[in-house]
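Heads up: the structure comes next, in C-alpha cells.
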Amino acid sequence: MTVESAVAAVELIGGVARTRDIVAQGVRKSDLGRAHAEGLLLRPRVGVYATPSTPTATVEALSHRGRIACVTAGRAYGLWLLDDGDQEPVHTWIDEKHHPMRIAIHPEPEEGACCAFHRDIAVDEPTLASVGILHCLRQILACRGEEAFFAALESALRQSLVDDQARERLKLSLPAGFRWLVDFARTDAGSGLESLVRLRLRRYGLALTPQVAVPGVGVVDFVIGDCLIVEADGDTHDGPSRHRDRVRDAAAMALGFITLRFDYALIVHDWEIVEAAILAAFSRNLHRSPAGLTW
Ligand SMILES: [Zn+2]
Ligand SMILES: [Zn+2]
Numbered sequence: 003m004t005v006e007s008a009v010a011a012v013e014l015i016g017g018v019a020r021t022r023d024i025v026a027q028g029v030r031k032s033d034l035g036r037a038h039a040e041g042l043l044l045r046p047r048v049g050v051y052a053t054p055s056t057p058t059a060t061v062e063a064l065s066h067r068g069r070i071a072c073v074t075a076g077r078a079y080g081l082w083l084l085d086d087g088d089q090e091p092v093h094t095w096i097d098e099k100h101h102p103m104r105i106a107i108h109p110e111p112e113e114g115a116c117c118a119f120h121r122d123i124a125v126d127e128p129t130l131a132s133v134g135i136l137h138c139l140r141q142i143l144a145c146r147g148e149e150a151f152f153a154a155l156e157s158a159l160r161q162s163l164v165d166d167q168a169r170e171r172l173k174l175s176l177p178a179g180f181r182w183l184v185d186f187a188r189t190d191a192g193s194g195l196e197s198l199v200r201l202r203l204r205r206y207g208l209a210l211t212p213q214v215a216v217p218g219v220g221v222v223d224f225v226i227g228d229c230l231i232v233e234a235d236g237d238t239h240d241g242p243s244r245h246r247d248r249v250r251d252a253a254a255m256a257l258g259f260i261t262l263r264f265d266y267a268l269i270v271h272d273w274e275i276v277e278a279a280i281l282a283a284f285s286r287n288l289h290r291s292p293a294g295l296t297w
C-alpha cells in the first residue's frame, strides 16, 4: 500500500471519507498521514479526509463538524435556485444529536459569518458531506421561502431525485400551511422560471395549462384559456434559439394564438411588469378564441 492507494481509496468512497472507512479498504494510517502532509489529501477535520477537488463549501462545512445544507446542498444536488451572486455563505447543518451546544462554531469568529448554520432535525439520512435531499428542500423553505422551495422541489421531481414515497415524507415533514405546495408541484416543469410563473399566477385563478404541445409550434410552457401562450425563457434563448422562438411565435399566431414571452430578469426582478401584461391580456379576453380554437 502506498500514498497513491490512500488517495485512490478516498476517491473510491466518493471523495470524502472517514479514516475508519479508508482503513477498511486496506490503507495504512501512515500512508493517509503522508498523503495529507504531501497535499494529496485534505483533512477538513480529524478523522475525515477529502480529495483536493472537493468543493470548498463542503470542506468548510466539514471543518465545523457539519455538512453542506439548504441552498448550498441544493446547488450540489443540481436543484434550480436563484442566483445569489458570490456572496452566499456556506449553509451548514450541525447535527445537534451528535454535536450539542459545546461545538466551536467558527475558528475565527472575528471574520464574520462564514456559514449560515442550520440546526434542525433531519428528515432523511445525511451523507458524510451533505444533508439528504428532503432535508435540503425543507431547509430551503425555511431559509428562502415558499417560492424558492417550490422551484427547487419541481426541479428535484423533474430529475427524479424525489420519488412518490419521498414526496409524501417531505410533505408530512413540513408545517401544515405549506403542504399544499408539495401537492401542487409537477414533475414536468421545464425550468424554475416556469415553476415561479405557475405558482404566482395561481392566486388569480387563471386556467393555466403547462407544457402544451401545439401542432406545428412545439411544446409551449403554458397556455392560458384557449389561446394565450406564456413562455418563460431561461438563458438558452439567445443566438439561434432566438430565431427559433420568433418562428414559433409566428407559427402560433398563424393558428390564432398570442404569445407573451418573458425572460429571467423580468420574471425574477420585474414581476409587476409580467403580471400587468398577463392580466391586461386576460381582461381583454385575449385568452378566449372567438373561432373556437382548441389545442
Ligand atoms: Zn439556509
Ligand atoms: Zn464556516
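For the sequence shown, counting from 1, position 129 maps to 131 in our numbering; every step adds exactly one. Just so you know, even glycine gets a beta-carbon here, dropped at the ideal spot from N, CA and C.
Whole-angstrom C-beta distance between residue j and residue i, which should lie under 8 Å
i, j, result
"residue 81", "residue 158", "6 Å"
"residue 231", "residue 222", "5 Å"
"residue 178", "residue 136", "Contact doesn't hold; Cβ gap of about 17 Å is too wide."
"residue 180", "residue 148", "6 Å"
"residue 212", "residue 202", "Going by Cβ atoms, the distance from residue 212 to residue 202 rounds to 13 Å, so no, they are not a contact pair."
"residue 216", "residue 252", "That pair is no contact at about 13 Å."
"residue 94", "residue 115", "So it is not a contact: roughly 11 Å between Cβ atoms."
"residue 160", "residue 126", "Contact flag wrong, Cβ pair sits at about 19 Å."
Counted within 10 angstroms of its Cβ, other Cβ atoms place residue i as buried (16 or more) or exposed
i, result
"residue 281", "exposed"
"residue 182", "exposed"
"residue 40", "exposed"
"residue 55", "exposed"
"residue 46", "buried"
"residue 76", "buried"
"residue 235", "buried"
"residue 196", "buried"
"residue 33", "buried"
"residue 170", "exposed"
"residue 175", "buried"
"residue 62", "buried"
"residue 289", "buried"
"residue 293", "exposed"
"residue 48", "exposed"
"residue 206", "exposed"
"residue 43", "buried"
Near ligand 1: residue i beta-carbon under 6 Å from a heavy atom
i, result
"residue 124", "no"
"residue 66", "no"
"residue 93", "yes"
"residue 145", "yes"
"residue 229", "no"
"residue 138", "no"
heavy atom of ligand 2 below 6 Å from residue i C-beta
i, result
"residue 90", "no"
"residue 117", "yes"
"residue 170", "no"
"residue 98", "no"
"residue 148", "no"
"residue 62", "yes"
Simplified DSSP state of residue i, which is helix, strand or coil
i, result
"residue 272", "coil"
"residue 118", "strand"
"residue 187", "coil"
"residue 286", "coil"
"residue 93", "strand"
"residue 60", "helix"
"residue 5", "helix"
"residue 213", "strand"
"residue 281", "helix"
"residue 126", "coil"
"residue 11", "helix"
"residue 23", "helix"
"residue 46", "strand"
"residue 151", "helix"
"residue 40", "coil"
"residue 220", "strand"
"residue 166", "helix"
"residue 146", "helix"
"residue 233", "strand"
CB of residue i within 7 Å of CB of residue j, strictly
i, j, result
"residue 121", "residue 142", "no"
"residue 92", "residue 52", "no"
"residue 226", "residue 208", "yes"
"residue 276", "residue 250", "no"
"residue 73", "residue 83", "yes"
"residue 263", "residue 233", "yes"
"residue 8", "residue 37", "yes"
"residue 164", "residue 173", "no"
"residue 194", "residue 153", "yes"
"residue 133", "residue 69", "yes"
"residue 50", "residue 30", "no"
"residue 285", "residue 229", "no"
Chain D within 7 Å of residue i, Cβ atoms only
i, result
"residue 281", "In the displayed structure, chain D is absent; only one protein chain is listed."
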